[in-house]
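Trainee:
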Amino acid sequence: MQKLLMILIDENDTFGDLSLYEAICRRLIELGAPGVTVMTGIMGFGANQKIHRKRLFGVPDDRPVSIMVVDDEQELRGKILPVVRPMVTEGLVFLADVEVIPPVAGQ
Amino acid sequence: MQKLLMILIDENDTFGDLSLYEAICRRLIELGAPGVTVMTGIMGFGANQKIHRKRLFGVPDDRPVSIMVVDDEQELRGKILPVVRPMVTEGLVFLADVEVIPPVAGQ
Amino acid sequence: MQKLLMILIDENDTFGDLSLYEAICRRLIELGAPGVTVMTGIMGFGANQKIHRKRLFGVPDDRPVSIMVVDDEQELRGKILPVVRPMVTEGLVFLADVEVIPPVAGQ
């Protein structure tokens, strides 16, 4: 079964010398993820209510980032999440059921 | 059970003196939502076919906005939707099942 | 039952003389889709690992694009997907269950 993995973090989150979202993308490529889509938002807040308000109304450059991967559930649970989940110390990681519509025959 | 709440509106929608998406974010903070992610798109159309075409091919500054919240279903249905749903007179509001992947032990 | 249709393609993908995402939007309007939201991301990779890396670290102008439509399942399967799916030769097309929250009574 295919699942959508969505990771919601901040653009300014870091992982070693890299931005966290770039580090996660590199690992996803290494792990053989079939595709990744990274999008940024315009505002967001996470775990800390004080930071929320500051971000929401004061700091325009710490944007939320979403990373989406669609893959087989066993790949996501067995191979990708064990590596990627520990990289996200603050942020949200979730799975959702999806039905992938394959290319039409002969395409 | 956790659900994703997604609200799709337009960037130019207003609520009193505020943009609607900012007004919704303020209410979500007041209501104790654990996190919010707001993203803008590049084009969209909604209920009115005429407006669609105009937006789609003529007006680049009325972008779609998505607001995402992941929370317990009872919080969303009992506390957040009763306040936020009436704020959205045009637009789309929907819930989807998600499985939140918790931080690894010791993180 | 309502479903979310999500199409993930690249901003530079073409369809005839149009960008693919614009071509898909035009068809969705013609097909009577109740609404469409188009968003662009900041990075992505798809089917070809070599292209991935190049895109990811070298080419900032080939951004991923997501197209979202929420509609009745029978409309999506019977009317929209037969037209739109063949337009996407590279990219990802999937459906997800959603529960649309209707406007409150009297709104």
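Protein chains in written order, with my numbering: chain A, 1 to 107; chain B, 1 to 107; chain C, 1 to 107.
The beta-carbon is built from N, C-alpha and C at its ideal position, and this holds for glycine as well.
1. Determine the contact status of B/I7 and B/V93, defining contact as a CB-CB distance below 7 Å.
2. With burial defined as no fewer than 16 other Cβ atoms inside 10 Å of the residue's Cβ, what is the status of B/K54: buried or exposed?
3. So that I know if they touch, is there some Cβ in chain A lying closer than 7 Å to that of C/V93?
4. Is it true that the CB of A/A96 sits closer than 7 Å to the CB of B/V98?
5. Since C/I24 is in the alpha helix (DSSP H), which residue starts that stretch and which ends it?
6. Quick one, which of B/R26, B/D10, B/Y21, B/T14 has its alpha-carbon nearest C/V38's?
7. Mark A/G41 as exposed unless 16 or more other C-beta atoms lie within 10 angstroms of its C-beta, in which case mark it buried.
8. With H, G and I counted as helix, E and B as strand and the rest as coil, what does DSSP make of B/Q49?
9. Take A/V36 and list the residues in its own chain whose beta-carbon comes closer than 6 Å to its own, dropping the five residues that flank it on each side.
10. Which one of C/R63, C/K79, C/G91, C/P102 has the shortest CA to CA distance from C/D30?
11. Would you please verify whether the beta carbon of B/T14 is less than 7 Å from any beta carbon of chain A?
12. Whose C-beta lies closer than 8 Å to the C-beta of A/R85 among residues of the same chain, with five residues either side of it excluded?
13. Please confirm whether B/A110 has its beta-carbon closer than 7 Å to some beta-carbon of chain C.
14. With C/V65 as the anchor, note down where its beta strand (DSSP E) starts and where it stops.
Mentor: Taking the geometry as given:
1. Taking the first residue of the second sequence as position 1, residue 7 of chain B is located at position 7. Taking the first residue of the second sequence as position 1, residue 93 of chain B is located at position 93. Cβ atoms of B/I7 and B/V93: closer than 7 Å.
2. One-based indexing of the second sequence puts residue 54 of chain B at position 54. Here the model assigns B/K54 a pLDDT of 43, short of 50, so the residue's position is not dependable and the matter cannot be decided.
3. Position 93 of the third sequence holds residue 93 of chain C. Yes, because at least one Cβ of chain A sits closer than 7 Å to the Cβ of C/V93.
4. If you number the second sequence from 1, residue 98 of chain B lands on position 98. If you number the first sequence from 1, residue 96 of chain A lands on position 96. The answer is yes: Cβ separation under 7 Å.
5. As a working mapping, residue 24 of chain C is identified with position 24 in the third sequence. Where C/I24 is concerned, the enclosing alpha helix (DSSP H) stretches over 20-30.
6. By 1-based counting over the third sequence, the position of residue 38 of chain C is 38. For C/V38, the nearest C-alpha among the options comes from B/D10.
7. What you label residue 41 of chain A is simply residue 41 of the first sequence in a count that begins at 1. Result: buried.
8. In the second sequence, counting from the first residue as 1, residue 49 of chain B sits at position 49. Residue placement at B/Q49 is poorly supported in this model, since its pLDDT is 41, which falls under 50; the coordinates are not used for a value here.
9. Within the first sequence, numbered from 1, the residue matching residue 36 of chain A stands at position 36. The answer, listed in chain order, is C25, L28, V69.
10. Walking along the third sequence from the start, residue 30 of chain C turns up at place 30. The amino acid occupying residue 30 of chain C in the given sequence is Glu; Asp does not appear at that position. When only C-alpha atoms are compared, the closest one is C/K79.
11. Locating residue 14 of chain B in the second sequence gives position 14, where the first residue counts as 1. Not an interface residue.
12. Locating residue 85 of chain A in the first sequence gives position 85, counting from the first residue. Cβ neighbours of A/R85 beyond the five flanking positions: V93.
13. Since the displayed chain B opens at 1 and closes at 107, residue 110 of chain B lies outside it and no answer follows.
14. For this step, residue 65 of chain C is matched to residue 65 along the third sequence. It spans 64-72 - the beta strand (DSSP E) in which C/V65 sits, taken as one unbroken run.
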